Amino acid sequence: MKEAITKGDIRPRKVSAVRHFPPGCGRGAAPVSREDCIRIQQAWIKDKMGKSQEIEEDPEEDPSMCWDQGNDDPNDT
Numbered sequence: 001m002k003e004a005i006t007k008g009d010i011r012p013r014k015v016s017a018v019r020h021f022p023p024g025c026g027r028g029a030a031p032v033s034r035e036d037c038i039r040i041q042q043a044w045i046k047d048k049m050g051k052s053q054e055i056e057e058d059p060e061e062d063p064s065m066c067w068d069q070g071n072d073d074p075n076d077t
C-alpha cells in the first residue's frame, strides 16, 4: 500500500476575476440612495418590457406554427 505524501508548503491559489455586481452590492460598495435604487429598478423593468414587446410584435414568427407550416413549396411532401 502506498502512503500519501503531503507537502506543507502547498497554498491555495488566489483567484482574481472581474465580477459585475449591481450598485450597492459587493465588497467596498458605496451605499445607494433609495431614489437611485427606484430609478435603476424602473429602468430595468422598462427595458425588459420593451424587449418582450419586440418579440411579440414580430409578424414573421408565429410560435404556434411548426417550422414546416406556411411553406407553399409544392415539392415538399
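With UniProt numbering as the guide, the letters of the sequence shown map in order to residues 1 to 77. Even for Gly, the Cβ is constructed at its ideal location relative to N, Cα and C. The structure displayed is predicted, hence computed values, not measured ones.
Can you grab the Cα-Cα spacing for the pair residue i / residue j, in whole Å?
{"i": "G50", "j": "S16", "result": "35 Å"}
{"i": "S52", "j": "I40", "result": "19 Å"}
{"i": "A43", "j": "C37", "result": "10 Å"}
{"i": "R13", "j": "A30", "result": "29 Å"}
How many whole angstroms separate the CB atoms of residue i and residue j, which I take to be in contact at a CB cut-off of 8 Å?
{"i": "V32", "j": "G26", "result": "Actually they are not in contact, since the Cβ atoms of V32 and G26 sit about 12 Å apart, beyond 8 Å."}
Going by DSSP in three states, residue i sits in which element: helix, strand or coil?
{"i": "R34", "result": "helix"}
{"i": "G50", "result": "helix"}
{"i": "R39", "result": "helix"}
{"i": "I10", "result": "coil"}
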